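For reference, the structure discussed in these notes is given below.
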Amino acid sequence: YSDEGWLSSAFEVMERFPDPPFDSLGIPTWHYGHELPTPFATKIAKYFENSIREEGLLAIAKGGVVFTPGSAGTLQEVFQDLAQNHYESYGYASPMIFLDKHFWTTERPVYPVIGEMAERGYLHHLNLGLYDNNEEVIAHLKKFSE
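With positions in the sequence shown counted from 1, the corresponding number in the working numbering is that position plus 309.
This is the structure we're talking about:
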C-alpha cells in the first residue's frame, strides 16, 4: 500500500461501475494493520484467527492463487497452499501462480525449491506457473479452467 493513489483509484473504478451485478466478499486480515480491506467488497467478514482465515481463503480458491511479492505472511500462504494441493485436502488441487520471476527465484527463492521437490517426487498434484506479466498468468488460469 505504498502507492498513495491506490484508494482514490479504487473509488474512480467504483464511480465508473457503480452497480455491480453481484455481491463480493472481502475478508481482510485485520491481523496486520498495514493490510487494508478492499473498497470493492459489498460484504466484509471478520475472522478472529488469521490462520483460520487463510486456510479458508486458500480452500475456496478452486481456480488458483496468484502469489505476488510479499513477506513472511505471503511465504506462509505459499506453503499452506502447497500442503493443501499436495494432499488434495479439499478433494482437488488448483494452480499456484508466482508473479515476478526475479522475486520468486532470487529474492525469495521458493519456486526453484518447490519445483525441484516436485520433480523428485516429493510433492504431488502441483500445477505451478512462474511469470512476469498478467497475460501469461491469465492464459495459465484459463487453460486450467478449460
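Glycine included, C-beta positions come from ideal geometry on N, C-alpha and C.
Predicted model, so just to flag it, every value in this text is computed and none were measured.
| Query | Result |
| --- | --- |
| Three-state secondary structure (DSSP) of Gly424 | helix |
| Own chain partners of Met426 with C-beta closer than 6 Å, once the 5 adjacent residues on each side are dropped | Leu432 |
| C-alpha distance - Ala370 paired with Ile336, whole-angstrom precision | 13 Å |
| Expected contact under 8 Å - CB spacing of Pro346 and Met323 to nearest Å | Actually they do not touch by this definition, with Cβ atoms about 14 Å apart. |
| Nearest residue (CA-CA) to Asp390, options Phe357, Leu437 and Arg429 | Leu437 |
| Extent of the continuous alpha helix (DSSP H) to which Phe320 belongs | Trp315 to Arg325 |
| For Pro404 and His449, believed in contact at Cβ under 8 Å, the rounded distance | 6 Å |
| N-terminal and C-terminal residue of the beta strand (DSSP E) that Phe453 is part of | Careful: Phe453 lies outside any beta strand (DSSP E), inside the alpha helix (DSSP H) at Asn443 to Ser454. |
| Buried versus exposed, by CB contacts within 10 Å (16 or more), Leu367 | buried |
| Three-way DSSP call (helix, strand, coil) for Phe412 in this model | helix |
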